[in-house]
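**Student:**
Here it is in structure tokens:
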């Protein structure tokens, strides 16, 4: 029986090649894109689920009261992990995760910057990273032992077994020899924790002073804990307040400084801008992408439904004859659903091929390593898509056609205009609504990103290169920064001797990556004042083209202006200073210093955030003497910012590298463009804009094919009417207008509904920006005119062909 269903379905599909082809192409496009999106959403939702007993793993979140509000973040004091382990019997394991970098020897002559995590010995007991060699208990016990990934091992030792081999890494003043004590399988793609190398956190002694490690007000990296059971979370959080009262003593104030626990399963999908050391994805992105996939599939399904209803007259007699011969209602429903099922399965096969073709482009667009793996979850997704589309696209036509009365059908009294015409028009209008909403959303996103790109950030970006300078050895953090700046100054001076260089400055933080450090100090009225901090040197202000509104620039000479600082206008306003020159920062602990200049506000952050108070200083001694909080957002090694005099980049790059090899013969040369660094902060939204644009193009293509097919069906069903009108003297234009009116109303309804709704939905997207700009109403008017013109072009082309047919041929059977 089922064999016959498939035979008849294949015959019917082959008979209507045009409509089958349109349905197949529409569903293939929809499924190809949707498979990628649904697999991507499933992949993003699976982050960190490979850890055994992941429900017992938590990240510690810090909450601290600022001047007027609570601040939260995932950087925690070094002392947090051992304190939690000592205070809570529910905590079975703890680890710190503090990211660092240092120079390491690749071979006897070449060094490179090596990124690594300083972690506690419990790290491998908490997380489920697969250890290929070594043991979880012993791999991180030794201070001078390192655990490396397969990729890192290959970089240092090639194909040789790395176990027991040594890597020389610069720690403090000297290069220390570390022995490989563990080899990890390369990290899963769905891990929010990324690293190349692990070292024991006893090595923090080389970079963080002992008093800072024991302070509750200096934060470095993340802290993770593993509990005896997931339900212990509430008990641990309830015990945090007594713990803080115990460790802070007289400095304790209820509700002003405490910790909570975040389940590891909630880390990756987060809208929180402070992501700690974990890789995150905004959940709104997944919702938007899933919505786009659903809308594209819905448009393709609407095509299927509207064309099936449009072909009702040609299939009606078939249904009448079948019912007369004894076919039951259920059998006819199965027959029509079988046709929908076959088209969907064929489209799924083609869609999978299309998804494989689009995968590299998709991965490049979203900077992911997505693979189309067909495991149980993915098979369920595909099965759900096939059954869902079959039901959505085929159910209404199947039940509508199977419910026709044979007597009316065989007498020729069937009319599908009553009731069903309105449904078809409504479905086509809905297609246009979705298409225009996606186009309008794309227009808003493109306009906003262009506005961001053209916005005056208050500093110069053009032809400025950032050259990373390695950290210099130092006995403490302050000395390391000062020694590194002195080292960078040697390179800067070498460059300034060349006529091709306009200016050069030195900086710790860059722009576009939220790398200005967070600092804070208590004011005399016992309030906490927070600001953003950067250490600078050389001609920093001149190189960036920052504007001084009062005072002077810092002297670029080494040792000069070591107690001088620059502030921005926002800092002066926050302090209530009309003339900040000669004022002192309101903290009793800060060493003697001088505010030498006030800079016009510049966007040190991305345009997602408002401008904050900023201090620029040459020496860390002054600032570190009086602050009580410090959060480091960037690497601690300085960068030399170089502005070139010409436009020949290759010559400019060669100059930078030749001077580098002269000053740092043993170090690898690396650089970045400042303008590219700035633009990187908007990559996620630019990617989303491209995805919405792609979806809009696919939606338009599918809707256009549907409009073409519907126009063809509508005109084919009225050829005799056209012939009569032609005989009676109607012009081609009047007949074309008759059909255009019908579809123009549908188009206008779609546009009128789509534009305000797109403005409403995009309002929430624009809210994330501190600087926002809407497109002009003229853009939306042109969009509406373009949609109307598109409909007229499609319908006119179809109707013109019909009017050119000889009326004698269309009316001869009358």
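In the working numbering, the protein residues as written are 21 to 834.
By construction, the Cβ of each residue, glycine as well, lies at the ideal position given by its N, Cα and C atoms.
Computed from a predicted model, the values in this text were never measured in an experiment.
Could you round the C-beta distance between residue 676 and residue 487 to whole angstroms and report it? I think they count as a contact, below 8 Å.
**Tutor:** The residue labelled residue 676 in the question sits at position 656 within the chain shown. The residue labelled residue 487 in the question sits at position 467 within the chain shown. Correct: roughly 6 Å between the Cβ atoms.
**Student:** For residue 397 versus residue 62, is the C-beta spacing smaller than 8 Å?
**Tutor:** Numbered from its first residue, the chain shown carries residue 397 at position 377. Numbered from its first residue, the chain shown carries residue 62 at position 42. Yes, the Cβ-Cβ distance between residue 397 and residue 62 is below 8 Å.
**Student:** What's the C-alpha gap between residue 799 and residue 376?
**Tutor:** One-based indexing of the chain shown puts residue 799 at position 779. One-based indexing of the chain shown puts residue 376 at position 356. Their Cα atoms are separated by approximately 36 Å.
**Student:** Can residue 140 and residue 118 be called in contact, C-beta distance under 8 Å?
**Tutor:** Locating residue 140 in the chain shown gives position 120, where the first residue counts as 1. Locating residue 118 in the chain shown gives position 98, where the first residue counts as 1. Against a cut-off of 8 Å, the Cβ pair of residue 118 and residue 140 comes out as no contact.
**Student:** Hey, residue 600 and residue 562 are a contact pair by Cβ (cut 8 Å); roughly how many whole angstroms apart?
**Tutor:** Counting from one through the chain shown, the residue named residue 600 turns up at place 580. Counting from one through the chain shown, the residue named residue 562 turns up at place 542. No, residue 600 and residue 562 are not in contact; Cβ-Cβ is about 21 Å, not under 8 Å.
**Student:** Compare the C-beta of residue 139 against all C-beta atoms of chain B and say whether one is closer than 8 Å.
**Tutor:** No chain B appears in the structure shown, which is made up of a single protein chain.
**Student:** In whole angstroms, give me the CA-to-CA distance for residue 75 and residue 365.
**Tutor:** Within the chain shown, numbered from 1, the residue matching residue 75 stands at position 55. Within the chain shown, numbered from 1, the residue matching residue 365 stands at position 345. So the alpha carbons of these two residues sit roughly 38 Å apart.
**Student:** Look up residue 122 in the DSSP assignment and say whether it is helix, strand or coil.
**Tutor:** What you label residue 122 is simply residue 102 of the chain shown in a count that begins at 1. Correct three-state label for residue 122: strand.
**Student:** Over what stretch of residues does the beta strand (DSSP E) that includes residue 680 continue unbroken?
**Tutor:** Counting from one through the chain shown, the residue named residue 680 turns up at place 660. Where residue 680 is concerned, there is no enclosing beta strand (DSSP E), although the alpha helix (DSSP H) it sits in stretches over 669-683.
**Student:** Tell me which residues share the same chain as residue 576 and place their Cβ nearer than 6 Å to its Cβ, disregarding the 5 neighbours each side in the sequence.
**Tutor:** Looking up residue 576 in the chain shown gives position 556. For residue 576, where only same-chain residues beyond five positions count, the Cβ hits under 6 Å are 558, 559.
**Student:** Let me know the secondary structure DSSP gives residue 176 once reduced to three states.
**Tutor:** Counted from its first residue, the chain shown places residue 176 at position 156. Helix.
**Student:** Since residue 687 and residue 490 are thought to touch, with beta carbons under 8 Å apart, how far apart are those beta carbons, to the nearest angstrom?
**Tutor:** The count along the chain shown starts at 1 and reaches residue 687 at position 667. The count along the chain shown starts at 1 and reaches residue 490 at position 470. Their Cβ separation, rounded to whole angstroms, is 5 Å, which keeps residue 687 and residue 490 in contact under 8 Å.
**Student:** Can you give me the Cβ contacts of residue 578 inside the same chain, cut-off strictly under 6 Å, excluding the 5 residues immediately before and after it?
**Tutor:** Taking the first residue of the chain shown as position 1, residue 578 is located at position 558. Counting only Cβ-Cβ distances below 6 Å, and skipping sequence neighbours, we find 509.
**Student:** Along the chain, where does the beta strand (DSSP E) that runs through residue 80 open and close?
**Tutor:** The residue you call residue 80 lines up with position 60 of the chain shown. 77-85 is the span of the beta strand (DSSP E), which, as asked, contains residue 80.
**Student:** Use the C-beta contact count for residue 258: other C-beta atoms within 10 angstroms, 16 or more gives buried, fewer gives exposed.
**Tutor:** Counted from its first residue, the chain shown places residue 258 at position 238. Exposed, because fewer than 16 other Cβ atoms sit within 10 Å of the Cβ of residue 258.
**Student:** How long is the line joining the alpha carbons of residue 172 and residue 199, rounded to whole angstroms?
**Tutor:** The sequence position of residue 172 within the chain shown is 152, counting from 1. The sequence position of residue 199 within the chain shown is 179, counting from 1. If you take the alpha carbons of residue 172 and residue 199, they lie about 14 Å apart.
**Student:** If you reduce the DSSP assignment to three classes, tell me which class residue 550 lands in.
**Tutor:** Here residue 550 refers to the residue found at position 530 when the chain shown is read from its first residue. Here residue 550 sits in strand by DSSP.
**Student:** Please look up how many angstroms separate the CB atoms of residue 537 and residue 624, rounded, as I've assumed it's under 8 Å.
**Tutor:** Against the chain shown, residue 537 aligns to sequence position 517. Against the chain shown, residue 624 aligns to sequence position 604. The Cβ separation is near 11 Å, so there is no contact.
**Student:** How many angstroms separate the CA atom of residue 842 from the CA atom of residue 705?
**Tutor:** With the chain covering 21 to 834 only, the question about residue 842 has no answer from this structure.
**Student:** Report the option in 618, 621, 635, 602 whose CA atom is closest to the CA atom of residue 529.
**Tutor:** What you label residue 529 is simply residue 509 of the chain shown in a count that begins at 1. Here the closest residue by C-alpha is 635.
**Student:** Could you check whether residue 789 and residue 628 sit closer than 8 Å to each other, using their CB atoms as the reference points?
**Tutor:** Here residue 628 refers to the residue found at position 608 when the chain shown is read from its first residue. Here residue 789 refers to the residue found at position 769 when the chain shown is read from its first residue. Their beta carbons are under 8 Å apart, which means residue 628 touches residue 789 by this criterion.
**Student:** Could you have a look at residue 561 and say whether DSSP puts it in helix, strand or coil?
**Tutor:** Within the chain shown, the letter at position 541 stands for residue 561. In the structure shown, residue 561 sits in a helix (DSSP, three-state: H, G or I).
**Student:** Give, in chain order, every unbroken run of the alpha helix (DSSP H) that is at least 4 residues long and sits entirely within the segment 751-816.
**Tutor:** Fully enclosed alpha helix (DSSP H) runs of 4 or longer: 752-786.
**Student:** Have a look at 589, 549, 326 and flag the residue whose alpha-carbon is nearest the alpha-carbon of residue 567.
**Tutor:** Within the chain shown, numbered from 1, the residue matching residue 567 stands at position 547. The candidate whose alpha carbon is nearest that of residue 567 is 589.
**Student:** For residue 60, which of 698, 390, 451 has the nearest alpha-carbon?
**Tutor:** For this step, residue 60 is matched to residue 40 along the chain shown. Ranking the options by Cα distance to residue 60, first place goes to 390.
**Student:** Give every residue of the same chain whose Cβ lies closer than 7 Å to the Cβ of residue 475, excluding the five residues on either side of it in the sequence, and list them in chain order.
**Tutor:** In the chain shown, the residue the question calls residue 475 occupies position 455. For residue 475, where only same-chain residues beyond five positions count, the Cβ hits under 7 Å are 627, 791.
**Student:** Quick one: residues in its chain with C-beta nearer than 6 Å to the C-beta of residue 815, no 5 flanking neighbours on either side, listed in chain order?
**Tutor:** Your numbering for residue 815 matches position 795 in the chain shown. Counting only Cβ-Cβ distances below 6 Å, and skipping sequence neighbours, we find 731, 759, 760, 763.
**Student:** Taking just the CA atoms, how far does residue 316 sit from residue 472?
**Tutor:** As a working mapping, residue 472 is identified with position 452 in the chain shown. As a working mapping, residue 316 is identified with position 296 in the chain shown. Cα-Cα distance, rounded: 29 Å.
**Student:** Please tell me whether residue 239 and residue 97 are closer than 8 Å, where the distance is taken between their beta carbons.
**Tutor:** Residue 239 sits at position 219 when you count from the first residue of the chain shown. Residue 97 sits at position 77 when you count from the first residue of the chain shown. Their beta carbons are under 8 Å apart, which means residue 239 touches residue 97 by this criterion.
**Student:** Mapping the DSSP letters down to three states, classify residue 624 as helix, strand or coil.
**Tutor:** Position 604 of the chain shown, counted from the start, is the residue given in the question as residue 624. The answer is coil: DSSP assigns residue 624 none of H, G, I, E or B.
**Student:** Nearest to residue 806 by alpha carbon, out of 678, 68, 247, 460?
**Tutor:** What you label residue 806 is simply residue 786 of the chain shown in a count that begins at 1. Of the candidates 678, 68, 247, 460, the one whose C-alpha sits nearest the C-alpha of residue 806 is 460.
**Student:** Fully enclosed by the segment 162-216, which alpha helix (DSSP H) runs are 4 residues long or longer?
**Tutor:** Segments of the alpha helix (DSSP H) lying fully in the segment 162-216: 170-177.
**Student:** Near residue 821, which residues of its chain fall below 6 Å by C-beta distance, leaving aside the five closest residues on each side in sequence?
**Tutor:** Locating residue 821 in the chain shown gives position 801, counting from the first residue. No residues qualify anywhere along the chain.
**Student:** Kindly indicate which residue of 219, 572, 358 has the alpha-carbon position closest to the one of residue 142.
**Tutor:** Along the chain shown, read from residue 1 onward, the residue named residue 142 stands at position 122. Selected option, being the one with the closest Cα: 219.
**Student:** Compare the beta carbon distance of residue 160 and residue 144 with 8 Å and say whether it is the shorter of the two.
**Tutor:** Sequence index remark: in the chain shown, residue 160 carries index 140 (1-based). Sequence index remark: in the chain shown, residue 144 carries index 124 (1-based). Against a cut-off of 8 Å, the Cβ pair of residue 144 and residue 160 comes out as a contact.
**Student:** May I ask you to report which of helix, strand or coil DSSP gives residue 240?
**Tutor:** Against the chain shown, residue 240 aligns to sequence position 220. DSSP places residue 240 in coil when its eight states are reduced to three.
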